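Colleague: Structure incoming, see below.
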Amino acid sequence: PLFIPLAQSDMKDYKHLDIRNTVGNVPMEWYQDYPHIGYNLDGKKIFKPIRNKDELDEFLDKMENPDYWRTVHDKTTASDIRLTDEQVDLVHRLQKGQFGDVNFNEYEPSVDFFTNEVMIHPVTNRPQDKRSFIPSLIEKEKVSKLVHAIKMGWIKPRKPKETTPQYYDLWAKEDPNAILGRHKMHVPAPKMRLPGHEESYNPPPEYLLTEEERLVWEQQDAEDRKLPFLPQKHSCLRAVPAFSRFIHERFERCLDLYLCPRQRKMRVNVNPEDLIPKLPKPKDLQPFPTTMSLVYRGHTSLVRSISASPTGQWLVSGSDDFTVRFWEVNTGRCMKTLEVGGAVKSVAWNPNPAVCLVAVCFERTVLLLNPSLGDRLVVSSTDQLITAYEPPEEDKEQAVTWALSEGLEHNMGHRLTLTHPKAVKQVVWHGKGDYLSSVMPDNSSNLQVLIHQVSKRRTQNPFRKNKGLVQCVSFHPLRPYFFVATQRYVRVYNLIKQELTKKLMTNCKWISSMAIHPGGDNLICGSYDCRLAWFDLDLSTKPYKMLRHHKKALRGVAYHRNYPLFASGADDGSVIVCHGMVYNDLLQNPLIVPVKVLKGHQITHDLGVLDVTFHPTQPWVFSSGADTTIRLFT
Amino acid sequence: MGGLQKKKYERGSATNYITRNKARKKLQLSLADFRRLCILKGIYPHEPKHKKKVNKGSTAPRTFYLLKDIRFLLHEPIVRKFREYKVFVRKLRKAYGKAEWTAVERLRDNKPGYKLDHIIKERYPTFIDALRDIDDALSMCFLFSTFARTGKCHVQTITLCRRLTVEWMNYVVTSRSLRKVFISIKGIYYQAEVLGQLITWLVPYQFAHDHPTDVDYRVMATFTEMYTTLFGFINFRLYQTLNLVYPPKLDSKAESELKAEHEEDYAMDSESYLEKLSALSASLARVVATAEEEEENQLDQFPADGEDLENMEAREKEQKEQEAQNRLFEGLKFFLNREVPRESLAFILRCFGAEVSWDKSLCIGGTYNVTDETITHQIVDRPDIDKQYINRYYIQPQWVFDSVNAKMRLPVEDYFLGVTLPPHLSPFVEEKDGDYVPPEKLKLMALQRGEKHVQEEEEDDDDDDDDEEYNDEVDDEDLTEEKNLKKMEDQRSQGKQTLAVKVTPGKVKPWETGSVGNKVRLEKEEKAEEKRLAIMMMKKKEKYLYDKIMFGKKRTTREANKLAAKRKAHEDTSKAEKKQKKAKKQ
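In structure tokens:
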């Protein structure tokens, strides 16, 4: 507590006010619970003021009382004391570091009591100590320690400071060949990237970010940003502020230099044009179909399968609307429409030109039709061929029931009906036209493929074991081989020896279709995973070439009988025609060149082209699609 | 058979690499010391090809160093110094704790220090190697020299950096090797060609730094330690090649000139010499006394070199151009106002042979006053100035930078006081085929080729409303990317020729003029299809590469198109605004 001694004169003035607390220097908190805070000189209690000042009082006091600044609170008496002028003066003096007493002279002349001159009479006459005459023992010990240390070589003289200049010609004797072993492996740090126009303080207006770009930039993570800074435009050099991330960037560069693994990256410096393979020009590989010339309309649902007659005059198509239609190729006219009792899965025209028969399969039935189109002689001879059948003496149990159609059905063209135990997916003719094979895909039995002989009305099941879900089958055009495509493999069987000759690995996930080159040594497989595999049967069991031309699943593939052409149709609605030249020379590999992408089919329900087939004599290709049309490309 | 079973990870790549922690243990260093050593010796981690093999089957993220590198570090004498220093610190702390002040003093006297000379020599066996790697050193030293002398690093480092950068700038001025300058939002980029090496560095603007907290200044300081050593040796060698005294001294003549009356007011004695050097207004003392004559001799020697290589005409031409650029501002007298960045401008102007001065109160070393009648250019960066002299140009600082980059004195009209400045382009961008070229650059290139009319024409067009259409056409042409102007003109003339032959009035485009055009188009289509079919037959690997290349190409064109469209939009709006203004005036 501030104790201010009151001057004598003041004492008189404040006599009646002189309330001094006699409790001494004790914490005033001790009187917290009492109404008084101590005792005055007379031993009377000093009472606390009735009401303590709160903050508001304090504030009002501060605002209104002109003497507030010179009022101090005395805790011992709990009273406010207004300082007199003298007291204020005293405080000011003390604050300035001056003496409290106004009259004190701090610059009084000093009295030189002990003079610097040696007097003849000493101030004290004490004799000197003895220890000032004899050498110090402690010091001697210390010195002897040092001497011993020097003798033992523990203390060495200070090394002279090095005098070589800080910088000198370091590379005075440089040898360009003197490269350390380490430097062979050393990758020098790449230099900093040089700034572009956008970093300018006054860039061209196109380099500034628009409002949206700016928002995008701000929302991006720092690593994702294309520019590490926002381009800015300043009207003059004076307005350019400091770059706030300068030290950061320098530091990041330092980190890159000592923490970043370095690697030499080989840049491929190739002209993209050089990468494109040099192929013969499609122009030189003509003829091939180039334009869509005819559209065969009439079906009301997707057309699953088509087949051309061996003369090339007629075309048969089977559709999901339970009909089979016969078309004249050159005019696009629908010659005949036959209702059958189910969605037609596959149609196949007998390849023998002397026979006019069409195999149609729907549900569990394979129907042999005589469309009665073309040469009358051929038509009648076909009918004769069928009626000339004589049932054998001993009736063998067959997997299929053969039934001859009569009456109305006969008039409609039905000749023979083969009722299968299961749903039939595909029918194919042998090249000679007497044998016929049907596929009943079923994963669980060995009865998947049947071979029928029409002239003897006989059916055989060639396989004893189930080798997987059969997708499609095909006869070799010349030799007695039989191709069976399961989900991933194509097996080639010798029908005479009754043995497996080859198993082709297609590298596809799921085979959809297959076609055999008329020469018989090559085979193409279309698959649902967009690939087309070309096998050279003499070469290997692996594909000679995988073509990924289509964007979607392949549905049909076909070879041309005379021209070196093959076509593939896929769900992307396009038919791609390729030139596939097979040479007689065994050393020369087949030449495969895509020559035309034919588009025309609309994609309906994610299905595009469902089947393709070539015209037997002309370089024309037919395609049937999910958009209920058949198209001819010439 | 027999034999012991071979253990895993004892052969092959696993033995070629070592993790950071193991390396640290092998060297018996703390992590901080290990880092320091790696920085000084230039050792960096390696990414193994098969990380899992090297990591002994684990896939934990680890940093790997080559074992050879770490073995190489084992022989480093500095490692011992690091350990000594550690011991020294321990002893010192102990002595402090015991208040043994004599011991403290003795220890301080014997403080272990190390030199980096041998490391520099080892890392850069030849001088050119060192010069090639000086970019980062320069930028770092320039940054450190702008630091305030408080706290963040030793004052000695800062002064040393300042000294070295001043020496470097003086060297560049004397050798006149500055080539390009660029004002970016980060700072000012300079590019110099020293002994055939292109050296680029970045100088921050002269502002106090807002020191970030997430930056490890110890790492920066270690780099700076290495860089200052390297930089000093390089400076020494460079000064030697120019026959200059190192450490640099001012020419005796210049020194007497610069002896200002109230030098003491400006800086302390210890600093005033460096300040005078950093003023860059005086030439340096040479080892051989006849300084000026020698300079002339040196200039004469350049063509002599060219004669030796007679067959290389292109080179000679380049050299001539170079010389012309070096004399870009020769004979001009500049005065810098106080608001422009003095140091950078003085540096650039002096590099190209101009005389520079500034106000006495701004910096030491100004040689003449504003009132000097022979001043040709005054560089001003404020909207207006009170008292103007008639016989000098008042220009904005960007003129100097743009002129240097254009290698010619640009017309001053665009840079006058208060004029909206043309965009400042980066001189470091070299446009390839297909890149976007800003129209300003095209204009500049035309100007460099000596076609002055281009600009005038544009100006005329701006004035005439009747020519607006034509102007638009010109703009469109400017904007079509991938084709420069010349190609365009060729195409145009071709078009005209076919017109003349065909004589079919009213039809302009050659495609639509009949069978000829059709044929051309058909042929084109055929070719395109051929290509598409050929692409289908590509091998998978090649197809991938091809697609990647084509994707990159497409992206560049897309970006270029975007920029061009943005420019067009901007120009359209500005034109519309101009028209509105004109309409208002009328």
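Line by line, the protein sequences are chains A and B. According to our numbering, the first sequence is numbered sequentially starting from 1. According to our numbering, the second sequence is numbered sequentially starting from 635. We treat Cβ as the ideally placed atom computed from N, Cα and C, and that holds for glycine. A quick note: this is a predicted structure, and the numbers were derived from the prediction, not measured.
Can you tell me whether DSSP reads Thr1190 (chain B) as helix, strand or coil?
Modeller: If DSSP states are grouped into helix, strand and coil, Thr1190 (chain B) belongs with the helices.
Colleague: Run through DSSP, which three-state label would Gln460 (chain A) get?
Modeller: Three-state DSSP puts Gln460 (chain A) in a strand.
Colleague: Mind listing, in chain order, the continuous beta strand (DSSP E) runs of no fewer than 3 residues lying wholly within the region 824-868 of chain B?
Modeller: Runs of the beta strand (DSSP E) inside the region 824-868 of chain B: 831-838.
Colleague: When you check each C-beta in the region 777-788 of chain B against every C-beta of chain A, which residues fall closer than 7 Å?
Modeller: Going along the region 777-788 of chain B in chain order, one finds Leu777 with a Cβ nearer than 7 Å to chain A.
Colleague: Counting only C-beta atoms, is Thr799 (chain B) closer than 8 Å to chain A at any point?
Modeller: No, Thr799 (chain B) does not count as interfacial toward chain A.
Colleague: Note the first and the last residue of the continuous beta strand (DSSP E) segment covering Ser307 (chain A).
Modeller: From DSSP, the beta strand (DSSP E) with Ser307 (chain A) extends over 303-308.
Colleague: Just to confirm the assignment: which complete beta strand (DSSP E) runs, minimum length 3, are found wholly within the region 558-586 of chain A?
Modeller: Counting whole runs of 3 or more residues, the region 558-586 of chain A contains the beta strand (DSSP E) stretches 565-570, 574-581.
Colleague: Would you mind telling me which residues of chain B sit closer than 9 Å to Leu257 (chain A), beta carbon to beta carbon, in chain order?
Modeller: Near Leu257 (chain A) (Cβ distances below 9 Å), the residues of chain B are Ile673, Gly676, Tyr678, Asp770, Phe857.
Colleague: Quick check on this structure: which residue in A:Pro35, A:Pro109, A:Phe104, A:Met63 has the alpha carbon closest to the alpha carbon of Thr77 (chain A)?
Modeller: Among A:Pro35, A:Pro109, A:Phe104, A:Met63, the Cα nearest to that of Thr77 (chain A) is on A:Pro35.
Colleague: Below 9 Å on C-beta distance, what does Pro1057 (chain B) contact in chain A?
Modeller: His197, Ser200, Asn202, Pro203, Pro204, Pro205, Tyr207, Lys233, listed in chain order.
Colleague: Quick one, which residues of the region 1197-1216 of chain B are near chain A if we go by CB-CB under 8 Å, in chain order?
Modeller: Hits within the stretch, in order: Leu1197, Ala1198, Lys1200, Arg1201, His1204.
Colleague: Spatial neighbours of Tyr1027 (chain B) within its chain, please: CB distance less than 6 Å, with the 5 preceding and 5 following residues excluded, ordered by chain position.
Modeller: Result list for Tyr1027 (chain B): His1011, Val1046, in chain order.
Colleague: Just to make sure I have the definition right: I need the residues of chain A whose C-beta is within less than 9 Å of the C-beta of His845 (chain B). Which are they?
Modeller: Residues of chain A passing the Cβ test: Ile247.
Colleague: Which ranges would you report for the beta strand (DSSP E) in the region 345-371 of chain A if only whole runs of at least 3 residues count?
Modeller: Within the region 345-371 of chain A, the complete beta strand (DSSP E) runs of at least 3 residues are 358-362, 365-369.
Colleague: Quick one: using the 10 Å Cβ neighbour count with 16 as the cut-off for buried, is Thr628 (chain A) buried or exposed?
Modeller: Buried, because 16 or more other Cβ atoms sit within 10 Å of the Cβ of Thr628 (chain A).
Colleague: For a contact defined as C-beta to C-beta under 7 Å, what are the partners of Gln166 (chain A) on chain B?
Modeller: Correct list: Gly866.
Colleague: If you follow the beta strand (DSSP E) that Leu547 (chain A) is in, where does it begin and where does it stop?
Modeller: Element bounds for Leu547 (chain A): 545-547.
Colleague: Apart from the five residues just before and just after Glu1225 (chain B), which ones in its own chain have a Cβ nearer than 6 Å to its Cβ?
Modeller: Nothing can be reported for residue 1225 (chain B), as the shown portion of chain B is limited to 635 through 1220.
Colleague: For Glu927 (chain B), name the three-state secondary structure that DSSP assigns.
Modeller: Legend: pLDDT at Glu927 (chain B) = 40, less than 50; position of this residue unreliable, value from coordinates given subsequently. Residue state, collapsed to three classes: helix.
Colleague: Whole beta strand (DSSP E) runs in the region 414-491 of chain A with 3 or more residues, listed along the chain?
Modeller: Complete beta strand (DSSP E) runs here, min 3: 414-419, 426-429, 435-439, 449-453, 458-460, 470-475, 481-486.
Colleague: Short check: CB of Met514 (chain A) to CB of Thr541 (chain A), under 8 Å?
Modeller: Not in contact: Met514 (chain A) and Thr541 (chain A) (Cβ atoms no closer than 8 Å).
Colleague: May I have the straight-line CA-CA distance separating Tyr1070 (chain B) from His1204 (chain B), to the nearest angstrom?
Modeller: Cα-Cα distance, rounded: 16 Å.
Colleague: Could you check if Phe865 (chain B) is buried or exposed, using at least 16 other CB atoms within 10 Å of its CB as the buried criterion?
Modeller: Under this definition Phe865 (chain B) is a buried residue.
Colleague: Would you say Val609 (chain A) and Ala570 (chain A) are within 8 Å of each other, going by their C-beta atoms?
Modeller: It is a contact, given that the beta carbons lie within the stated cut-off.
Colleague: Nearest chain A C-beta to Val815 (chain B) closer than 8 Å, yes or no?
Modeller: Judged by the 8 Å Cβ criterion, Val815 (chain B) is not in contact with chain A.
Colleague: Against chain A, does Val1063 (chain B) count as a neighbour if the rule is that its beta carbon must be under 8 Å from one of theirs?
Modeller: Chain A contact via Cβ: present.
Colleague: Could you tell me whether any Cβ in chain A is nearer than 8 Å to the Cβ of Ala1080 (chain B)?
Modeller: Ala1080 (chain B) does not count as touching chain A.
Colleague: Just reading off the beta strand (DSSP E) that Trp636 (chain A) is part of, what are its end residues?
Modeller: As displayed, chain A neither begins before 1 nor continues past 634, which places residue 636 (chain A) out of reach and without an answer.
Colleague: On the DSSP letters alone, give me the boundaries of the alpha helix (DSSP H) that His36 (chain A) sits inside.
Modeller: Run containing His36 (chain A): none in the alpha helix (DSSP H); it sits in the beta strand (DSSP E), 36-39.
Colleague: Taking all protein chains shown into account, decide if Tyr68 (chain A) is buried (16 or more other Cβ within 10 angstroms of its Cβ) or exposed.
Modeller: Result: exposed.
Colleague: Does the separation of the CB atoms of Met292 (chain A) and Gly600 (chain A) fall below 8 Å?
Modeller: Taking 8 Å as the Cβ cut-off, Met292 (chain A) and Gly600 (chain A) qualify as a contacting pair.
Colleague: Using a cut-off of 9 Å between C-beta atoms, extract the partners of Ala737 (chain B) located in chain A.
Modeller: By Cβ distance, chain A contributes nothing, its closest Cβ being about 13 Å from Ala737 (chain B), past 9 Å.
Colleague: Residues of the region 1160-1173 of chain B with a CB closer than 9 Å to any CB of chain A: list them in chain order, please.
Modeller: Of all residues in the region 1160-1173 of chain B, Glu1160, Glu1163, Glu1164, Lys1165, Arg1166, Leu1167, Ala1168, Ile1169, Met1170, Met1171, Met1172, Lys1173 have a Cβ within less than 9 Å of some Cβ in chain A.
Colleague: In chain order, what residues of the same chain have a beta carbon less than 7 Å from the beta carbon of Pro616 (chain A), not counting five sequence neighbours either side?
Modeller: Ala308, Pro310, Gly312, Arg561.
Colleague: Just how far apart, CA to CA, sit Glu1091 (chain B) and Leu1081 (chain B)?
Modeller: Unreliable positioning characterises Glu1091 (chain B) in this predicted model, as indicated by a pLDDT of 42, which lies under 50. The coordinate reading is nonetheless provided below. Going by the C-alpha atoms only, they are around 13 Å apart.
Colleague: Using 8 Å as the Cβ pair cut-off and three pairs as the minimum, do the region 517-532 of chain A and the region 575-593 of chain A touch?
Modeller: With the cut-off at 8 Å, the region 517-532 of chain A and the region 575-593 of chain A touch.
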